[in-house]
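Chains as they are written, first to last, in this note's numbering: chain A, 684 to 1151; chain B, 1125 to 1358.
So, in structure tokens, the structure goes:
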């Protein structure tokens, strides 16, 4: 029965010229966004690979020099892009993808595509996520708004209900019909997307990303099912197609366009972050706290004197300049941890607000999950920042320890390639899928709740279906 | 087959149908006559459970329509003033869809075409989209749906109004055939001539009341008209 209704709905839709044009446009835009994403991804990941290799080669090819000069020479760390980033670029264009690692400083990320954009471009980027979160919901609205109202207006609903059809079956059949019409567009785009994934990886099909891909597909499927149920429920409950369209367009506008802005503003108001200038000033103030550095150094010096039973730095078997440099680093690290930690915690609190706001607009829940699974959300940015920063600290530790061990008083100490090689290559593996889902458990629950609620409302509104 | 017991529908203070008592046996064609707003369509809507009765009951095949609406609808077919179909589908696709939803998904295309032949749908029309159909053709599709469904009772709401005399006559012939097959028919109509020709009994309604019931063999067409007008006057 359901499949029979679905087939008829689908047949009617596909015979409607408006649907054919719309589906064609949506398909073209989906493929276009995929192509843009794929192009970005493949060129960027190639650039990253080359640059990462180059930065390592440069590091190893340094001349003989004092280790501290090498510390200032520094190197780059590049955030690896997950393949799903070609679908959802998330916050990457705003936070950047590479960090310069050098002595004394936890640097901010560089290479933010958003920096090179005009204000208008900010809204016009054609990403897969944009298509999935803005365009397709509109498509669903246009396919569902008249599902019941048009039948009521034409009088076919009377005819249909006189046959003894269960309204629930009718609703499910219509939902399946719309899903089928949506699948015509989505399936080719998804298949092409997966093929593009296979192309871009040398290690084969979805290596490592399969779990994320499956989850992302599931998230969007549940979201579209929810939107279909909402569209049909409104169509069943409203008197005319015009009213139904108006209600659904208002919902679409609020959900797909307004909610993101409004929720971001709300999150910003609840957990305000300092401006870049304020942050920088406070950071520098604490960094340049000479008293704290002196105190630290004093404690360390006393401990060393006691350990080696001496009362003069020159009597120590190690070079105190190395110790002093490392103590300076340790002080700075504490300050960085405190300041960046505070800032990042604010961002995380903002993200929690965004997730909770999903209760008002399901798109927010989907957006969080989508970014998270694509690895382009704040949490994974933070994870990478932490890994890069730990690596930077490791470099400093290795270099300063070398100074402490080898610097002789009154001599110029130069280290060579053997020391540079002691610094391991930077490696970063993105956290596993479970970690992502753990971060977005709220969004998952909110999304499922929306689905359940919309299905319930659909059944309720069809149970009270008015034939005219 | 169709029974109404003290069936009443009230909208606020307006009584649309007042304590209707009516029994229509298999093979009977009962024509409801009366002015607009007399309660004819209300009666049909109550049998279809499209509206809830205020009091009383409507039963089809002995089953209360409010208690098992899906079950009772299995026995009836409904033909409104204009049978509404899906304009982007062909006549055959419409018939197949409605038959399937009425619980008969098993017909082959040739069986369905036979129903069209029985109701006299012109050759070749079955493959055309119904957007091009005339009203007479739509009513024929409606009867074909009823035939395909194997309905034991028909609820007709002014099915011949606006039909040309020939189409109207063909419609009456089909009704007679159905009644001969034992189908109970309840037809609301303004057409006294049609009522006399194809009905077995006529009932005259006024302000929601069934004020008179006569067998059609009791009078000539002229008598029926006189009786009807008498009731309308006071």
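Glycine included, C-beta positions come from ideal geometry on N, C-alpha and C.
- Following the DSSP letters along the chain, one finds residue 1278(B) in no alpha helix (DSSP H) but inside the beta strand (DSSP E) bounded by residues 1277 to 1281.
- Around the Cβ of residue 1112(A), a 10 Å sphere holds fewer than 16 other Cβ atoms; the residue is exposed.
- Just measuring C-alpha positions, the residue of 724(A), 749(A), 937(A) and 703(A) sitting nearest residue 1081(A) is 749(A).
- If you check the CB distance, residue 1079(A) and residue 754(A) come in under 8 Å.
- The beta carbon of residue 1032(A) does not come within 8 Å of any beta carbon belonging to chain B, so the residue lies off that interface.
- With fewer than 16 other Cβ atoms inside 10 Å of its own Cβ, residue 1097(A) counts as exposed.
- The C-beta of residue 1221(B) comes closer than 8 Å to at least one C-beta of chain A.
- Taking 8 Å as the cut-off, the beta carbon of residue 846(A) is found no closer than this to the beta carbon of residue 935(A).
- Here residue 1217(B) is not bridged, per DSSP, to any residue.
- Contacts with chain A at 8 Å (Cβ-Cβ) include residue 1202(B).
- Taken in chain order, the members of the region 1214 to 1238 of chain B whose beta-carbon sits within less than 8 Å of a beta-carbon on chain A are 1217, 1221, 1222, 1224, 1225, 1226, 1227 and 1229.
- Taking 4 residues as the minimum length, the alpha helix (DSSP H) runs contained wholly in the region 1307 to 1350 of chain B are 1316 to 1322, in order along the chain.
- Cα atoms of residue 768(A) and residue 1062(A): separation of roughly 14 Å, rounded to the nearest angstrom.
- Looking from the CA of residue 1146(B), the closest CA among 1346(B), 1329(B), 1219(B) and 1340(B) belongs to 1329(B).
- The C-beta of residue 1214(B) has 16 or more other C-beta atoms within 10 Å across all chains shown, which makes the residue buried.
- The criterion of a C-beta distance shorter than 8 Å is satisfied by residue 1265(B) and residue 1207(B).
- Residue 1196(B) places its beta carbon 8 Å or farther from that of residue 1281(B).
- Close to residue 1208(B), with beta-carbon spacing below 8 Å, are these residues of chain A in chain order: 837, 838, 839, 841 and 842.
- In this structure, the straight-line span from the alpha carbon of residue 1231(B) to that of residue 720(A) is close to 50 Å.
- For residue 811(A), the secondary structure class from DSSP, reduced to helix, strand or coil, is helix.
- Using a Cβ-Cβ cut-off of 8 Å, residue 914(A) does not count as an interface residue toward chain B, since no Cβ of chain B sits closer than that to its own.
- For residue 691(A), the neighbours in chain B by C-beta distance under 8 Å run, in chain order, 1210, 1213, 1217 and 1221.
- Taking each of 869(A), 907(A) and 1070(A) in turn and checking the Cα distance to residue 710(A), the smallest one comes out for 869(A).
- Note that the C-beta distance between residue 1312(B) and residue 1270(B) is not below 8 Å.
- Taking the Cα of residue 1345(B) as reference, the smallest distance to any Cα among 1251(B), 1235(B), 1326(B) and 1335(B) is reached at 1326(B).
- Taking 8 Å as the CB threshold, residue 1174(B) lines the interface with chain A.
- Under the Cβ criterion (8 Å, minimum of three pairs), the region 685 to 694 of chain A counts as touching the region 1221 to 1238 of chain B.
- For residue 1194(B), the C-beta contacts it makes with chain A under 7 Å involve 847 and 849, in order along the chain.
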